[in-house]
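First residue of the sequence shown: 1, per our numbering; consecutive thereafter.
Glycine included, every Cβ here is placed at the ideal spot set by N, Cα and C.
Remember, it's a predicted structure, so these values are computed and weren't measured experimentally.
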Amino acid sequence: MSPGAAQPLLLGVRHHGPGSARSVRAALDAAQPRAVLIEGPPEGDALLALAAEPDMRPPVALLAHAADDPGRAAFWALASFSPEWVALRWAQARDVPVRFIDLPAAHTLADGPGADEDDGGAGSVPVDPLTALAGAAGYDDPERWWEDVVEHRDADSARDPLAPFAALAEAMGALRETHGDGGRPSDLVREAYMRQRMRAARREFGADYAVVCGAWHVPALRARTTAAADRALLTGLPRTKVETTWVPWTHRRLARAGGYGAGITSPGWYAHLFAAPDRPVERWLTKVAGLLREEDRQVSPAHVIETVRLARTLAALRGRPLPGLTETLEAVRAVMCDGSDVPLALIEDRLVVGDVLGEVPGTAPAVPLQRDLTRRMRTLRLKAEAQSRDLELDLRKDTDAAKSLLLHRLRLLGVDWGVPTASRTGTGTFRETWRLCWEPELSVRVAEAGIWGTTVPGAATAKAEAEARGAGELGEITALAERCLLAGLSEALPAVLRALADRAALDTDVARLAGALPALARSLRYGDVRGTDASALGTVAAGLAERICVALPAACAAGLDADGAAALRGHVDGVHGAVALLADTGPGLRERWSGVLRTLAGRDAVPGVIRGRAARLLLDGGRLPAEETARLMGLALSPAAAPADAAGWIEGFAGGNAGGGTLLVHDERLLGLIDTWLVSVPPEAFVDVLPLLRRTFGAYEPGVKRSLGELVRRGPGAGRARSASRAAPEGFAPDLDPARADAAEALARLLLAAAG
């Protein structure tokens, strides 16, 4: 500013600081400036009127993004306890002009130098002013220092309301003298622009205006510089066209470094301090008691009284004017939580941070896709919430089916508002469970997806077609086909099927073919459930299955290492499940696949893990008699077989979650073969096969392992004697009882039908 000129009111604050917010309100009430200037992008000036709308409820954020690249975006978050928000609402309530004065987003979001706010030079570490001041005061925790010197002051008392700002400005001046730009060269450019806007305000209002900005900038804004010098710093900055709007924000997102680079660790606590009219600790502990009672913990008024007493005692012992968050939480842990960190973690998550989600008026600018999404959410009664929650859907209901389509389409567009998760109420083709959680960044993802179309179905269709054209591998296209069917994008299927047919015809890698088939089979199933015509996929899937049947035996006998054999074993499982779903699409497909499994089970060149798995799949499908199974196991576990290969056979046959342990409990012949082989393994080879065996048997349920232990404890002699006499193991019949089996079958059919 020019020498000798009257100085404006510079209010240096901590972004998102409730103490600063109270002090700003008191200072503005005392000074009554003719205008208020706030640190923020000037592109937001046109949206300031929306802050006065009844539907605007903080926390919110001013979002600016490049018009041609919505992914290049920045947020300026404001909470109810943010000094900038308090100053904005103060000015609007009194019809005082209010403007943003920070460097325009058109510069900060442009490519090239100056685009990054935190662009410290090579090897530089940006200075944290609060940490530096707390260290100078002898504190090791900047948050605790801030509470002591700012939050625990009574800014509305008869003391000078401008005194805190003068003291903070003096401290920041000393820091700037020592650290210069603090490792952030871009701050010099920002401050030059702020000074330019201040000069413009002086011409309009004289010196009777207030500036609300980060305390770090106050010494630079007070510095005596010339307009020419500032123009030189601003000359040649890159520019880009930007679009701005307001978007909802969350307390949880405030807990991370945000648009101001001023993340706070306890936004819920700060919101309470700002809103509490008096006795903040007592009111806070009342909230804590209510939360714990909701979780069925016994917390009485006496607990609250004792917790307040302990928190005050801790503050006095530590020389603090009032209990801070640290003392309060320590007292809660000792009195209300019985010393446990588990309920304390709940308090920290729900109250110290919190899941508050702001609201923005419907009149705020938005891309067409966002408006369409908002309309669909309102129609389906889906509400964006910051707290994670599960949504159970029954696809036989029209409304639930529409919700499912919307969520799948959003996922295809990269807007992961909902993530599929395991259901707690049941399984079945007609059920889906989603975990919903709205993060502020999803507004940017919606803006990015706007390049694909103006409606959710149209944008999802266009993106699916583009992904089909650009897919590099067969697995990508099959996964895309499944996602299109889940999202009900029938218009995108022709392009996806063309790409799928072309890629499948050229791909000769049997592993990639086998990896792609399960997704196609699932697509056919979901197409039937959702009423989507997926018949064209059947032809492609049947052809793919035929090629796998031809090529798989040779691929499995091609000298695979352990990792390759394990990968192909997984593909065998996947193809087996897919064939069961595709049995009706091609005549004789199930029989041809059974022939492939028989070939794999009986070919010595195939790794043991694959041979064992093939034998197990044949046995489960009723295509391998028990006697033949025992013969194959005997050959695989003969003394001539390598121990590692034999252990692999056991892993393939009895491993996994397919009931291998139960099978061994019921068929003591197979268990006896494994037991006989195991005791015959040479000591030097036993160490090598032990990890495989532990992986196989360690996955069994405790009850199965206990039963197997009891059977083995009786010894192989007892097992052979029982086999010779055709006696059954204790608790089992020697042969299947058809009458009891029929009764169990009827019950199983009833349960499966009820599950849908």
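Collapsed DSSP secondary structure at residue i in the structure displayed
i: H179; result: helix
i: L37; result: strand
i: V299; result: coil
i: D69; result: strand
i: F100; result: strand
i: M1; result: Here M1 scores only 46 on pLDDT, less than 50, and its place in the model should not be relied on; the value that follows carries that caveat. Reduced to three states, the DSSP call for M1 is coil.
i: F205; result: helix
i: C484; result: helix
i: P770; result: The chain is shown only over 1 to 756; residue 770 falls outside these bounds and no answer can be derived.
i: R293; result: helix
i: G214; result: strand
i: L322; result: coil
i: F81; result: coil
i: R57; result: strand
i: L413; result: coil
Same chain only: Cβ atoms within 6 Å of residue i, ignoring 5 sequence neighbours per side
i: A744; result: none
i: S20; result: V13, R14 and P83
i: L619; result: T629
i: V150; result: G19
i: D187; result: D181
i: G71; result: E448
i: T421; result: T433 and R435
i: L597; result: A614, L617 and L618
Run of the alpha helix (DSSP H) containing residue i, from where it starts to where it stops
i: L637; result: Counting along the chain, L637 falls outside any alpha helix (DSSP H), and DSSP gives it neither H nor E.
i: V572; result: A562 to L582
i: L254; result: H251 to L254
i: A275; result: P267 to A275
i: T108; result: A105 to T108
i: R498; result: L493 to L506
i: E441; result: E441 to A449
i: D224; result: Just to set this straight, residue 224 is Arg in the shown sequence, not Asp. Note, R224: premise wrong, no alpha helix (DSSP H); not H, not E.
i: E147; result: Here E147 belongs to no alpha helix (DSSP H), and DSSP marks it neither H nor E.
i: V342; result: D341 to I347
Limits of the unbroken beta strand (DSSP E) element including residue i
i: R94; result: No beta strand (DSSP E) contains R94, which DSSP labels as neither H nor E.
i: E432; result: R431 to L436
i: V606; result: It is not in any beta strand (DSSP E) - V606 carries neither H nor E in the DSSP assignment.
i: T455; result: Per DSSP, T455 belongs to no beta strand (DSSP E) and is neither H nor E.
i: E243; result: V242 to P248
i: E418; result: In the sequence as presented, Glu is not what sits at residue 418; that position holds Gly. Its beta strand (DSSP E) spans residues G418 to T421.
i: L624; result: Careful: L624 lies outside any beta strand (DSSP E) and carries neither H nor E.
i: V13; result: L9 to V13
Contacting residues, own chain, Cβ-Cβ under 8 Å from residue i (five flanking each side not counted)
i: L793; result: Only positions 1 to 756 of the chain appear in this structure, which leaves residue 793 out of reach.
i: A555; result: V510, A511 and L568
i: G40; result: L62, W76, E84, F100, I101 and D102
i: L673; result: A630, M633, G634 and L637
i: L513; result: L474, A504, D507, L544, R547, I548 and A551
i: F274; result: P18, A21, R22, S80 and F81
i: L291; result: L346, I347, R350 and L351
i: A169; result: L10, G12, A215, V218, P219 and R222
7 Å CB neighbourhood of residue i in its chain, flanking five on each side removed
i: L406; result: R376, L380 and V456
i: V86; result: A21, V24 and R25
i: V496; result: A464, A468, I477, L480, A481 and C484
i: V242; result: E43, A64, H65, A66, A67, A105, A106 and L109
i: D45; result: R99 and F100
i: E306; result: V335
i: V308; result: V281, E282 and L285
i: I264; result: H16, L254, A255 and Y270
i: L310; result: A331, A334 and V335
i: I610; result: C556, A565, L568, R569, V572, L600 and G652
i: S124; result: For S124, the predicted structure reports a pLDDT of 46, less than 50, and the residue's modelled location is therefore unreliable. A value from the coordinates is still provided. G183.
i: R740; result: none
Open item on the list: Three or more C-beta pairs under 8 Å: does that hold for the region 217 to 234 against the region 45 to 60?
Closed with: In this structure the region 217 to 234 does not touch the region 45 to 60; the number of beta carbon pairs closer than 8 Å is below three.
Open item on the list: Contact between the region 473 to 481 and the region 384 to 397 is defined here as three or more beta-carbon pairs at a separation below 8 Å; is this criterion met?
Closed with: Judged by Cβ distances under 8 Å, the region 473 to 481 makes no contact with the region 384 to 397, as fewer than three pairs qualify.
Open item on the list: Suppose only complete runs of 4+ residues qualify. What are the alpha helix (DSSP H) ranges in the region 359 to 411, listed by chain order?
Closed with: Within the region 359 to 411, the runs of alpha helix (DSSP H) that reach at least 4 residues and sit entirely inside it are, in chain order, 368 to 379.
Open item on the list: List, from N- to C-terminal side, the alpha helix (DSSP H) runs of 4 residues or more that fit wholly inside the region 634 to 707.
Closed with: Whole alpha helix (DSSP H) segments, 4+ residues: 643 to 654, 660 to 666, 668 to 680 and 683 to 698.
Open item on the list: I'd like to know if the region 451 to 461 and the region 405 to 424 are in contact, where contact means that at least 3 CB-CB pairs between them fall below 8 Å.
Closed with: In this structure the region 451 to 461 touches the region 405 to 424; the number of beta carbon pairs closer than 8 Å is three or more.
Open item on the list: Counting beta carbon pairs with one atom in the region 235 to 253 and one in the region 353 to 371, are three or more of them shorter than 8 Å?
Closed with: They touch, by the three-pair rule.
- [ ] Would you check if the region 26 to 37 and the region 200 to 210 touch, i.e. whether three or more CB-CB distances between them fall below 8 Å?
- [x] Per the Cβ contact rule, the region 200 to 210 is in contact with the region 26 to 37 (3 or more Cβ pairs under 8 Å).
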